[in-house]
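FYI, my numbering numbers position 38 of the sequence shown as 38, with every residue one higher than the one before it.
Using N, Cα and C, we set each Cβ at its ideal position, and we do this for glycine too.
For clarity, every value in this text was computed on a predicted model and none was experimentally measured.
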Amino acid sequence: MELDQIILGKISKEARVSLKQTEATLVLLADQATVPFIARYRKEVTGNLDEVQIRIIAERHEYYKELRARRTTILKSIEEQGNLTEDLRNKIQDCYEKNELEDLYLPYKPKRKTKATVAIDRGLEPLARFIWEQVPGEKSIEELAETFINSEKGVSSKEEALEGALHIIAEWVSENPEIRKTLRQMTLQEAVVVSKVAKGKAEQKTKYDMYYDFREPVAKIPSHRVLAIRRGVKEQILTSTIEMDGEKALSLISGQVIKDPHMPFAPFLEIALKDSYERLLNPGIQTEVRAVLKERSDSEAIKVFEANLANLLLAAPAGPIGVMGIDPGFRTGCKVAVVDETGKFLEHATIHPHDPKKNILGAESTLYRLLHQHNIKAIAIGNGTASRETDAFVRNFLRKYQSGESFDAEKPIPNEAPAAARDSAESASTVAAPAEVAQSAASPDTPSIDFADSVALTETVEAP
Numbered sequence: 001m002e003l004d005q006i007i008l009g010k011i012s013k014e015a016r017v018s019l020k021q022t023e024a025t026l027v028l029l030a031d032q033a034t035v036p037f038i039a040r041y042r043k044e045v046t047g048n049l050d051e052v053q054i055r056i057i058a059e060r061h062e063y064y065k066e067l068r069a070r071r072t073t074i075l076k077s078i079e080e081q082g083n084l085t086e087d088l089r090n091k092i093q094d095c096y097e098k099n100e101l102e103d104l105y106l107p108y109k110p111k112r113k114t115k116a117t118v119a120i121d122r123g124l125e126p127l128a129r130f131i132w133e134q135v136p137g138e139k140s141i142e143e144l145a146e147t148f149i150n151s152e153k154g155v156s157s158k159e160e161a162l163e164g165a166l167h168i169i170a171e172w173v174s175e176n177p178e179i180r181k182t183l184r185q186m187t188l189q190e191a192v193v194v195s196k197v198a199k200g201k202a203e204q205k206t207k208y209d210m211y212y213d214f215r216e217p218v219a220k221i222p223s224h225r226v227l228a229i230r231r232g233v234k235e236q237i238l239t240s241t242i243e244m245d246g247e248k249a250l251s252l253i254s255g256q257v258i259k260d261p262h263m264p265f266a267p268f269l270e271i272a273l274k275d276s277y278e279r280l281l282n283p284g285i286q287t288e289v290r291a292v293l294k295e296r297s298d299s300e301a302i303k304v305f306e307a308n309l310a311n312l313l314l315a316a317p318a319g320p321i322g323v324m325g326i327d328p329g330f331r332t333g334c335k336v337a338v339v340d341e342t343g344k345f346l347e348h349a350t351i352h353p354h355d356p357k358k359n360i361l362g363a364e365s366t367l368y369r370l371l372h373q374h375n376i377k378a379i380a381i382g383n384g385t386a387s388r389e390t391d392a393f394v395r396n397f398l399r400k401y402q403s404g405e406s407f408d409a410e411k412p413i414p415n416e417a418p419a420a421a422r423d424s425a426e427s428a429s430t431v432a433a434p435a436e437v438a439q440s441a442a443s444p445d446t447p448s449i450d451f452a453d454s455v456a457l458t459e460t461v462e463a464p
């Protein structure tokens, strides 16, 4: 598998792992290995990456994969137009953000009919270029504009010629990648989300009352308010806009475009810049910022739902009792986890009752300590690899050691599949202490345990 070293470095930085770990994980993912499988069974390959890190690597790799495909399409399109210069090719090849890539493509993107394209068809691009470059010529701007009067092309006066030229400049400004990037950052940092009550709805009492006249900065507005405003707009109770300091934005754009405010070109450029900002730039940037807010709020909402669902799924299926869960295994041992009657994680351990290590005495000693220290009332053994052998070991252990104490335990065999899916979900890392997949899999607080089919054992337990 051939990997782009620059992309590899970016993914490593974003996931906060080494290049070697990133490359190893991507090779496994390319071989169709799933996140749960890699987290459980390929720790030695990935360097003990957890499921969250693996998922970040997978998601960012998919992002850059899509970006590379889009980059190829854009380069082909511009090349077919005959507009692909070496400088432009390098800029596109060096771009690793989707928004910025689209900004670079915007001037060359096939366009619908606009005021600028109409003006270009009327032959006004040279006039626009003269004003844009701001280099004095033999004629003044007005004198030059008169030379573009052409009734056959629909230009009947110098005013119409200038208007068309400024429409062309306005579109050039709106397609400038640096201007768009600067304005986008300013909007995200300084703009304000504003919601108002829709016309004719002011007298209605609704759950959106607080948003009838509401303002909050884009950078600070919490996700639940974004969602509420979006719902209100969808239900036609609210209207919403994103307000930006237009004068400040225009001043910033002017500083990048106008070379000398005292030159005769400046007044014309100021008209074009104002038109570009109000008609093209601001609406487009607003749409992009709304998309950012939507993505952010949706992500936060999903996290809340995950947490709520986790609480339901992690409810103790056997009721308020102490439970030990055992995730059986041969080579890596059996992972043991203990939770109390409230489902709170207490302790974990790894035992090796089977080959190749086969330390039965040590395994029995660990189980005995955990059973008595935490008042365990049920043992759950996963039904995966080494399940039958582990079941036999636990049965023998319970029968072997006797003391004056009575240990009354249910010993069900739960299905590991739901647990494997849960502990590799993003939310699992926040609920399964100490956040290792194998120990999480051993945790017995899973609704897949069927106590109706369990074997009830009453044994006396004695320390080995």
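Beta bridge counterpart(s) of residue i as assigned by DSSP
i: N150; result: V155
i: S240; result: S195
i: E347; result: V338
i: G9; result: Partner(s): none; G9 has no beta bridge.
i: P217; result: V192
i: V323; result: V339 and A378
Distance, residue j Cα to residue i Cα
i: S77; j: A69; result: 13 Å
i: I6; j: V45; result: 22 Å
i: T366; j: K294; result: 50 Å
i: F214; j: I302; result: 25 Å
i: L269; j: H262; result: 12 Å
i: D298; j: I285; result: 20 Å
i: A170; j: L281; result: 9 Å
i: S12; j: L371; result: 42 Å
i: A392; j: R369; result: 19 Å
i: K471; j: F305; result: Given a span of 1 to 464 for the chain in the structure shown, any question on residue 471 remains unanswerable.
i: I242; j: V292; result: 12 Å
i: I56; j: K199; result: 45 Å
i: R129; j: K109; result: 20 Å
i: E203; j: Q236; result: 14 Å
i: P267; j: K201; result: 43 Å
i: G164; j: S174; result: 16 Å
i: E51; j: D245; result: 43 Å
i: G329; j: D94; result: 48 Å
i: S140; j: T117; result: 25 Å
i: E146; j: S254; result: 27 Å
i: G475; j: L88; result: Since the first and last residues shown for the chain are 1 and 464, residue 475 lies out of range.
i: V394; j: H348; result: 17 Å
i: P36; j: E23; result: 18 Å
CB of residue i within 8 Å of CB of residue j, strictly
i: S387; j: I381; result: yes
i: Q134; j: K274; result: no
i: A119; j: I149; result: no
i: A228; j: Y208; result: yes
i: L67; j: Y96; result: yes
i: E160; j: V193; result: no
i: R60; j: A15; result: yes
i: G333; j: K358; result: no
i: E278; j: R184; result: no
i: E98; j: G123; result: The sequence shown places Lys at residue 98, not Glu. Contact: no.
i: R296; j: S223; result: yes
i: L313; j: G343; result: no
i: A33; j: R40; result: no
Spatial neighbours of residue i in its chain, beta-carbon cut-off 7 Å, leaving aside the 5 residues before and after
i: V17; result: L49 and Q53
i: D103; result: P177, R180 and K181
i: E142; result: K158
i: I38; result: T25, L28, T46 and I54
i: A219; result: L188 and Q189
i: W172; result: W132
i: F397; result: E364 and L367
i: I321; result: E341, K377 and A378
i: K91; result: L104
i: T385; result: P328, G329 and F330
i: L346; result: V338, V339, D340 and H374
Cβ shell of residue i (< 6 Å), same chain only, five flanking positions each side left out
i: A417; result: The pLDDT assigned to A417 is 48, lower than 50, so where the model puts this residue is not dependable; a value taken from the coordinates is nonetheless given after this. Counting only Cβ-Cβ distances below 6 Å, and skipping sequence neighbours, we find nothing.
i: E389; result: H354
i: M324; result: V338, I376 and I379
i: S240; result: S195, I229 and V233
i: K20; result: none
i: Y212; result: V197
Supposed contact pair residue j and residue i - C-beta distance, whole angstroms, cut 8 Å
i: H352; j: A363; result: 6 Å
i: G137; j: L127; result: Contact doesn't hold; Cβ gap of about 11 Å is too wide.
i: M186; j: L252; result: 7 Å
i: L101; j: R71; result: 6 Å
i: L166; j: A272; result: 4 Å
Any non-hydrogen atom of the ligand ZN closer than 7 Å to residue i Cβ
i: L398; result: Ligands are entirely absent from the displayed structure, and the ligand ZN is therefore not among its contents.
Own chain partners of residue i with C-beta closer than 8 Å, once the 5 adjacent residues on each side are dropped
i: Y64; result: D4, I7, K10, I11 and Y96
i: V155; result: R122, G123, L124, F148, I149, A161 and G164
i: L84; result: L75 and I78
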